[in-house]
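Beneath this line is the structure, given in structure tokens, with notes to follow.
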Amino acid sequence: MELMKTGAVIAIQDMGAAGLTCSAVEMGAKGNLGVELDLDCVPVRETEMTAYEMMLSESQERMLMVLDPEKEEEAEAIFRKWGLDFAIVGKTTDDLRFRVLHRGEEVANLPIKELGDEAPEYDRPWREPDTRGELPAHLVAAPEDYGAALLKLVGGPNQSSRRWVYEQYDTLIQGNSLQIPGGDAGVVRVDGHPVKALAFSCDVTPHYVEADPYEGGKQAVAECWRNITATGAEPLASTDNLNFGNPENRKSWASW
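Numbering (the numbering used here), first residue to last: 1 to 256.
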């Protein structure tokens, strides 16, 4: 945030699972620029890695930036102040090529637009979801014994306590938990700020989403919002965490 205030950052991209590859390609393609990277300048945790390994994994959870050359020293000073690695690892070009150099050799030279925003997209077969039919007759008809039906309902697993799950773990987490499990949201204090805390909630109603994905998604957001406000906190951000597997391979759905 301090660096952003200086005006030194022209463009910025986070590095996810594909490391330098996705961040550099996406940034260059969106800006209609080529990119040249020198992997010998990239700070690494392990030595003797191949260019393939460095481009796909070594630089995860970092940020790639295009800086104003005139403010390079100012940017580096801010990084050093906060104890962060800083390295100039490449440059932008005007040829729309993605070049990667490693140990004095050019190990990749590819068209950047075709890798980025002009990459081919799948057009898989799809159909509208089935509409829900009428409930079976035995679910609509009145029960013969209301007492037995009530006992079966309250004795079902959906009505049982979850205490056995969360009480067997260290829920205090180094003493920073302000609200014990069982409430609407988790609340964690912020060290050094006695009047500040963070509240988190994760929620969804699968039956709603199955019946109507759009409305069910809205309900999930609203439910999390209510859970957080119930603790006295103000909702500030959300994330969907939709890490889908291959729909053509049901075994991969475990990645959810």
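For every residue, glycine included, the Cβ atom is placed at its ideal position computed from N, Cα and C.
Straight-line CA distance for residue 150 to residue 140? Against the sequence shown, residue 150 aligns to sequence position 150. Against the sequence shown, residue 140 aligns to sequence position 140. Approximately 15 Å, taken between the alpha carbons.
Exposure of residue 224, with buried meaning 16 or more beta-carbon neighbours within 10 Å: Position 224 of the sequence shown, counting from 1, holds the residue named residue 224. Residue 224 comes out buried.
Looking only at DSSP bridge pairs, what is residue 177 linked to? By 1-based counting over the sequence shown, the position of residue 177 is 177. Beta-bridge pairing links residue 177 to 188.
Start-to-end residues for the alpha helix (DSSP H) that takes in residue 97: Residue 97 sits at position 97 when you count from the first residue of the sequence shown. Looking at the DSSP string, residue 97 is not in any alpha helix (DSSP H); the run it does join, the beta strand (DSSP E), is 97–102.
Other residues of its chain near residue 23: CB distance less than 6 Å, five sequence neighbours each side excluded: The residue given as residue 23 occupies position 23 in the sequence shown. Excluding sequence neighbours, residue 23 sits near 13, 15 and 64.
Nearest neighbour of residue 222, chosen from 123, 101 and 204 [CA to CA]: On the sequence shown, position 222 is the one that residue 222 refers to. Closest by alpha carbon: 204.
Within 10 Å of its beta-carbon, does residue 238 have 16 or more other beta-carbons around it, so buried, or fewer, so exposed? Looking up residue 238 in the sequence shown gives position 238. Per the 10 Å Cβ criterion, exposed.
For the segment 134–162, which segments carrying the alpha helix (DSSP H) assignment without a break, of at least 4 residues, lie completely within its bounds, in sequence order? 137–140 and 146–154
Going by other Cβ atoms of all chains shown within 10 Å of its Cβ, with 16 needed for buried, is residue 227 buried or exposed? If you number the sequence shown from 1, residue 227 lands on position 227. Buried, by the Cβ-count rule.
Residue 65 - partner residues in DSSP beta bridges: Within the sequence shown, the letter at position 65 stands for residue 65. DSSP output for residue 65 lists 12 as bridge partner(s).
Does the segment 33–52 come into contact with the segment 86–105, if we say contact requires no fewer than three beta-carbon pairs (one atom in each stretch) closer than 8 Å? yes
List the whole-angstrom C-beta distance separating residue 19 from residue 56, where the pair is believed to meet the contact cut-off of C-beta under 8 Å. Counted from its first residue, the sequence shown places residue 19 at position 19. Counted from its first residue, the sequence shown places residue 56 at position 56. About 5 Å separates the CB atoms of residue 19 and residue 56; that is less than 8 Å, so the two are in contact.
Are there 16 or more other CB atoms within 10 angstroms of the CB of residue 142, so buried, or fewer, so exposed? Residue mapping note: residue 142 aligns to position 142 of the sequence shown, counting from 1. Flag for residue 142 reads exposed.
Could you tell me the alpha carbon to alpha carbon distance between residue 86 and residue 11, rounded to whole angstroms? Reading the sequence shown from its first residue, position 86 is the one you call residue 86. Reading the sequence shown from its first residue, position 11 is the one you call residue 11. In this structure, the CA atom of residue 86 is about 16 Å from the CA atom of residue 11.
In chain order, what residues of the same chain lie with their CB nearer than 8 Å to the CB of residue 29, ignoring the 5 residues before and after it? For the purposes of this step, residue 29 is taken as the residue at position 29 of the sequence shown. Hits under 8 Å: 112, 113, 115, 116, 117 and 118.
Residue 79 - DSSP class collapsed to helix/strand/coil: Taking the first residue of the sequence shown as 1, we reach residue 79 at position 79. In the structure shown, residue 79 sits in a helix (DSSP, three-state: H, G or I).
How is the alpha helix (DSSP H) around residue 28 delimited, first residue to last? In the sequence shown, counting from the first residue as 1, residue 28 sits at position 28. Note, residue 28: alpha helix (DSSP H), 19–30.
Determine, using beta carbons only, whether residue 54 and residue 42 come nearer to each other than 8 Å. As a first step, residue 54 is located in the sequence shown; it is residue number 54 there, counting from the start. As a first step, residue 42 is located in the sequence shown; it is residue number 42 there, counting from the start. Against a cut-off of 8 Å, the Cβ pair of residue 42 and residue 54 comes out as a contact.
Between 248, 84, 3 and 176, which has its C-alpha nearest residue 192's C-alpha? Along the sequence shown, one-based indexing puts residue 192 at 192. Residue 192 has its Cα closest to that of 176, out of 248, 84, 3 and 176.
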